[in-house]
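Peer 1: Those letters in the sequence shown? Residues 8 to 246, per our numbering, in order. Heads up, the beta-carbon is just placed ideally off N, CA and C, and yes, glycines get one too. Small disclaimer: the values here were computed from a predicted structure and weren't measured. Got a structure for you, written out below as C-alpha cells; questions coming shortly.
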Amino acid sequence: MAHALQGELFGESAQESQSPLAGRVVCMLGSFAQSSATMQRKLREQGADYKPSTRVSRNVHYVLVGRGAPQDQLDYLDTLAFNGYHPRVLRQPDWDAIQQGQWEEYRVPQQIEKHLHLTLRHYQSSRVDYSARMNPLYMRELYIAPDTETPQEQLYQLLGDRGIYANPYIDDSTDVLVISERTLDHLRQGETDEVLRAIESTYNASRAQQYRYVMTTERELVQWLTETSGASFPKGGEG
8 MAHALQGELF GESAQESQSP LAGRVVCMLG SFAQSSATMQ RKLREQGADY KPSTRVSRNV
68 HYVLVGRGAP QDQLDYLDTL AFNGYHPRVL RQPDWDAIQQ GQWEEYRVPQ QIEKHLHLTL
128 RHYQSSRVDY SARMNPLYMR ELYIAPDTET PQEQLYQLLG DRGIYANPYI DDSTDVLVIS
188 ERTLDHLRQG ETDEVLRAIE STYNASRAQQ YRYVMTTERE LVQWLTETSG ASFPKGGEG
C-alpha cells in the first residue's frame, strides 16, 4: 500500500514537472515569431506528439494557430466544437507563456472526451423543413421533451397515424428532437435548461462522433399537424 501510494505521489509529481504538451497530440497551423524548425524542435523537446502532417481532428489536444493559418482548418475547429470536441487553441502569447514555464493553466486531460454545448446554431442549422415534402417526418424517431404542453396521448396518436414514432427518451434510433418554446428561448439567450443538459449528456455518453439530430419546436410540430390533418389542440399545445 505504501509503495502504491508512493508511486502515485511520484507519478503526480512527475506529471506536474512536465510541459503540458508532453504526450499530447499537437497540430501547428500558420507561422510564428520563431522559425518552423525551432517550433518543431521545442515541441519534440517538450515531449509533444507532433508531426508536420498532422491536421485538425477530434484526436488533437492542442492546435497552435499562427499567422496565415489555413481558413479551412479554422473552419473545421468550429465543426469540431459543433460536434462536442474542443482542442485547446494556442496562439503566439500562449506559446510564449508555455516556453516561459507557465504550465498549469494550459494543461488538458490525456483522454479526449466529447463535451457538447448546445447553442442556437444547433437549432438553426438542423431544423425540420416542413415545406420540403408532404410528410418530412415519415418513419422518423422523435424525442418529445418532457416540458412540452400538448396532451401526450393525442400527440402520440396523431404522429403514429402518420407513420411517425415518438418517444419520451433519446436512444440510438432518435432522429428528431422536439423541444418547447421555453427551451428555444433559452437557446436564443445563450442559456441552458434541464432538457438541453439531458440531450448533451446523452450525446456525450454515446459513441457518436457527429451531432446528427434534427430539431423542431412543439409549436412548429403542432402547427404542421393542424394544417395537414385538421387536428385541433388546446391553446397551450399551440404555444
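(1) Can you find the residues in the same chain that come closer than 8 Å, C-beta to C-beta, to Y205, ignoring five residues on each side of it along the sequence?
(2) Confirm, please, whether the CB-CB distance from L166 to M222 is below 8 Å.
(3) Which first and last residues belong to the beta strand (DSSP E) in which A104 is found?
(4) Is E198 helix, strand or coil when you go by DSSP?
(5) Around the Cβ of A44, are there at least 16 other Cβ atoms within 10 angstroms (buried) or fewer (exposed)?
(6) To which residues of the same chain is S38 closer than 8 Å at the C-beta, ignoring the five residues directly before and after it?
(7) Pop quiz: E188 and E234 are said to be a contact at Cβ under 8 Å. What is the actual Cβ separation, rounded to whole angstroms?
(8) Could you give the distance in angstroms between the alpha-carbon of Q196 and the alpha-carbon of T155?
(9) Out of Y113, T209, L149 and H124, point me to the one whose CA is closest to V135's CA.
(10) In the structure shown, what three-state DSSP assignment does R6 receive?
(11) Please classify M141: is it buried, with 16 or more other beta-carbons within 10 angstroms of its beta-carbon, or exposed?
(12) Taking all protein chains shown into account, do 16 or more other C-beta atoms lie within 10 angstroms of the C-beta of A139, making it buried, or fewer, making it exposed?
Peer 2: According to the structure shown:
(1) The question names Tyr, yet the displayed sequence has Ala at residue 205. The residues are I177.
(2) no
(3) Judged by DSSP secondary structure, A104 falls outside any beta strand (DSSP E) and instead within the alpha helix (DSSP H) spanning Q99 to Q106.
(4) Looking at E198 - three-state DSSP - the assignment turns out to be coil, as it is neither helix nor strand.
(5) exposed
(6) Closer than 8 Å at Cβ, skipping near neighbours: G73, R74 and G75.
(7) That pair is no contact at about 18 Å.
(8) 19 Å
(9) L149
(10) An answer regarding residue 6 cannot be provided, because it is not within the stretch 8 to 246 covered by the chain.
(11) Exposed is the call here.
(12) exposed
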